[in-house]
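Below: one structure, written as structure tokens.
Chains as they are written, first to last, in this note's numbering: chain A, 1 to 232; chain B, 1001 to 1207.
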């Protein structure tokens, strides 16, 4: 087996770009949802919890179809984005990133929620009695103490995004250079006779990327958690 | 210095009723365990909202259900020494001590970090992490952190628990020195009659 060609490296680069963008978009939303679910009691909390987990259990094609309805040119959000901000997601790498972010959301929320629940609320009370308002107590106590969960959520989300297939191909199709990420390129290669080596090289790169992401998250979380926390 | 406290509060089966006005430098709050002593401190600190009543310290009203007044904990200036210390595990001792001081108004401060550190004898601990402190060391740091937050009064929840006899004596001396040398009213939870007899003659009994 030879090294990947430059066209194959382009596919890897696109996959990384899509996954990094998906992770960055996913993080703040996931943390806000995780905090709400961990710390607040409100009507509809169970429903929100279930809705966050939907992408985990729905067929990915359904998630992709719902994204198409919402973010397509004529969908309510898609039409607004195009009219007001001049952004279209259809058939673009940004659309692939959105699909990956939505699919990664439940994993990220779960990791972050566990780490927020593990932060002792009595420490927050102590911070309040020492003169910190709600927001400052959150920023100086809850946020840093839940950092291992943020890192774990980020890397898990990233790894999930690298492998995202179903929602992406349904939502933004399989466009070379825009939405043809590693899994889609592997799938496309399998449809064409004589590309076995290309498929094998791309699969090998996928394995290495996923492994590095997992090991990196384990290392980050152990460092942040003082040797006690872990992802694996 | 004075505490004026009139409180009614119910949590589950426990009903707390307290009417008291006291002016001693140190007042002991005593009573059997589970009677709600810590809840009273939490209500004075603003961490638990009473069902109804009025709390004023040195004439400053902190809570008054009739007037619809309920100051949030961060502006009550309560120096709360928790039974479990609650030092922030991700900050060194130095940062723990500075936490409340940094948030206080300069004109409210009445003790500096150097003075507090010398007073409590914790100079050698400043670069340590809370997890590495012994029980007595952690307690002294918790007291220092509360003093440095420019409090108007101190709330101490059984500051001698989970300490051995030598450390208990050491912390007791610190409390006596705060009582005698720093002009700040203290409300002190204890379940040891000997400890209370040594510290004050002003005893508030629950229920």
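Think of the CB as a built atom: it goes at the ideal place given N, C-alpha and C, for glycine as much as any other residue. Just so you know, these numbers come straight off a predicted model, no measurement behind them.
- Query: In the DSSP assignment, what residue or residues form a beta bridge with residue 1004 (chain B)?
  - Reply: For the purposes of this step, residue 1004 (chain B) is taken as residue 4 along the second chain, with counting starting at 1. According to DSSP, residue 1004 (chain B) bridges with B:1021 and B:1056.
- Item | The beta strand (DSSP E) enclosing residue 1205 (chain B), as first and last residue numbers | Counting from one through the second chain, the residue named residue 1205 (chain B) turns up at place 205. Note, residue 1205 (chain B): beta strand (DSSP E), 1203-1205.
- Query: For residue 189 (chain A), which residues from the same chain have a beta carbon less than 6 Å from its beta carbon, with the 5 sequence-adjacent residues on both sides left out?
  - Reply: Taking the first chain and counting its residues from 1, one reaches residue 189 (chain A) at position 189. Cβ neighbours of residue 189 (chain A) beyond the five flanking positions: 195, 198 and 199.
- Roughly how many angstroms lie between the CA atoms of residue 176 (chain A) and residue 133 (chain A), to the nearest whole one? Your numbering for residue 176 (chain A) matches position 176 in the first chain. Your numbering for residue 133 (chain A) matches position 133 in the first chain. C-alpha separation (whole angstroms): 51 Å.
- Query: Any idea if residue 94 (chain A) is buried or exposed, counting beta-carbon neighbours within 10 angstroms, 16 or more meaning buried?
  - Reply: In the first chain, counting from the first residue as 1, residue 94 (chain A) sits at position 94. Taking every protein chain shown into account, the CB of residue 94 (chain A) has 16 or more other CB atoms within 10 angstroms, so this residue is buried.
- So what's residue 138 (chain A) in DSSP terms, helix, strand or just coil? Here residue 138 (chain A) refers to the residue found at position 138 when the first chain is read from its first residue. When DSSP states are grouped into helix, strand and coil, residue 138 (chain A) belongs to the helix group.
- Check residue 1171 (chain B) in the structure and name its three-state DSSP category. Reading the second chain from its first residue, position 171 is the one you call residue 1171 (chain B). Note: residue 1171 (chain B) maps to helix in three-state DSSP.
- chain B residues whose Cβ lies nearer than 7 Å to that of residue 141 (chain A): Taking the first residue of the first chain as position 1, residue 141 (chain A) is located at position 141. Here the neighbours are 1088.
- Item | Buried or exposed by the 16-neighbour rule on C-beta atoms within 10 Å, applied to residue 1176 (chain B) | Within the second chain, the letter at position 176 stands for residue 1176 (chain B). Answer is exposed; the Cβ neighbour count stays below 16.
- Query: So is residue 1124 (chain B) buried or exposed if we call it buried at 16+ other beta carbons inside 10 Å?
  - Reply: Position 124 of the second chain, counting from 1, holds the residue named residue 1124 (chain B). When all chains shown are included, residue 1124 (chain B) counts as exposed.
- With contact counted as at least three CB pairs below 8 Å, one residue from each stretch, are the stretch 1128-1148 of chain B and the stretch 1045-1064 of chain B in contact? Contact between the stretch 1128-1148 of chain B and the stretch 1045-1064 of chain B is absent, because fewer than three Cβ pairs lie under 8 Å.
- Query: Where does residue 1079 (chain B) fall in DSSP's three states?
  - Reply: Within the second chain, residue 1079 (chain B) is the residue found at index 79, counting from 1. In the three-state reduction of the DSSP assignment, residue 1079 (chain B) falls in the strand class, which pools E and B.
- Task: Check whether the stretch 1127-1134 of chain B touches the stretch 1044-1052 of chain B, counting contact only when three or more Cβ pairs, one atom from each stretch, lie closer than 8 Å.
- Result: Taking a cut-off of 8 Å for Cβ pairs, the stretch 1127-1134 of chain B and the stretch 1044-1052 of chain B do not touch, as fewer than three such pairs fall below it.
- Query: For residue 149 (chain A), which residues in chain B fall below 9 Å Cβ to Cβ?
  - Reply: In the first chain, counting from the first residue as 1, residue 149 (chain A) sits at position 149. When 9 Å is used as the limit between beta carbons, residue 149 (chain A) is near no residue of chain B, the shortest such separation being about 14 Å.
- Interface residues of chain A around residue 1145 (chain B) at Cβ under 8 Å? Mapped onto the second chain, residue 1145 (chain B) falls at position 145. From the beta-carbon of residue 1145 (chain B), the residues of chain A found nearer than 8 Å are 130.
- Task: Would you decide whether residue 19 (chain A) is buried or exposed? Buried here means 16 or more other CB atoms lie within 10 Å of its CB.
- Result: As a working mapping, residue 19 (chain A) is identified with position 19 in the first chain. When all chains shown are included, residue 19 (chain A) counts as buried.
- Quick one: which residues of the stretch 1071-1082 of chain B get their C-beta closer than 9 Å to a C-beta of chain A? List them in chain order. For the stretch 1071-1082 of chain B, which is checked against every Cβ of chain A, the residues closer than 9 Å are 1072, 1073, 1074, 1075, 1076, 1077, 1078, 1079, 1080 and 1082.
- Message: For a test of the three-state rule: what should DSSP assign to residue 1048 (chain B), helix, strand or coil?
- Response: Sequence index remark: in the second chain, residue 1048 (chain B) carries index 48 (1-based). Coil, per DSSP.
- Taking 8 Å as the CB-CB cut-off, is residue 55 (chain A) touching chain B? As a first step, residue 55 (chain A) is located in the first chain; it is residue number 55 there, counting from the start. No - not a single Cβ of chain B is within 8 Å of the one on residue 55 (chain A).
- Under 8 Å between beta-carbons, which chain B residues line up against residue 133 (chain A)? List them in chain order, please. Taking the first chain and counting its residues from 1, one reaches residue 133 (chain A) at position 133. Within 8 Å Cβ-Cβ: 1072 and 1074.
- Would you kindly report the start and end of the unbroken alpha helix (DSSP H) that includes residue 1157 (chain B)? Taking the second chain and counting its residues from 1, the one referred to as residue 1157 (chain B) is at position 157. From DSSP, residue 1157 (chain B) is part of no alpha helix (DSSP H) but of the beta strand (DSSP E) over 1153-1157.
- Message: On the criterion of 16 or more Cβ atoms from any shown chain inside 10 Å, does residue 1013 (chain B) qualify as buried, or is it exposed?
- Response: For the purposes of this step, residue 1013 (chain B) is taken as the residue at position 13 of the second chain. Exposed, by the Cβ-count rule.
- Message: Under DSSP, the alpha helix (DSSP H) around residue 62 (chain A) begins and ends at which residues?
- Response: For the purposes of this step, residue 62 (chain A) is taken as the residue at position 62 of the first chain. 60-71 is the extent of the alpha helix (DSSP H) around residue 62 (chain A).
- Item | Within chain A, the residues that residue 1103 (chain B) reaches when beta carbons sit closer than 7 Å | Along the second chain, one-based indexing puts residue 1103 (chain B) at 103. Identification of chain A residues near residue 1103 (chain B) by a Cβ-Cβ cut-off of 7 Å yields 130, 131 and 132, ordered along the chain.
- Would a C-beta distance cut-off of 8 Å place residue 1189 (chain B) and residue 1041 (chain B) closer than the cut-off? Against the second chain, residue 1189 (chain B) aligns to sequence position 189. Against the second chain, residue 1041 (chain B) aligns to sequence position 41. A contact, by the Cβ cut-off of 8 Å.
- Does the Cβ of residue 1134 (chain B) have 16 or more other Cβ atoms within 10 Å, making it buried, or fewer, making it exposed? As a first step, residue 1134 (chain B) is located in the second chain; it is residue number 134 there, counting from the start. Residue 1134 (chain B) should be labelled exposed.
- Message: Quick check on residue 1069 (chain B): does DSSP put it in helix, strand or coil?
- Response: On the second chain, residue 1069 (chain B) is found 69 positions in, with the first residue counted as 1. Look at residue 1069 (chain B) here: in three-state DSSP terms it is strand.
- Going by the beta-carbon positions, is the gap between residue 145 (chain A) and residue 109 (chain A) smaller than 8 Å? Locating residue 145 (chain A) in the first chain gives position 145, counting from the first residue. Locating residue 109 (chain A) in the first chain gives position 109, counting from the first residue. For residue 145 (chain A) and residue 109 (chain A), no; Cβs fall outside 8 Å.
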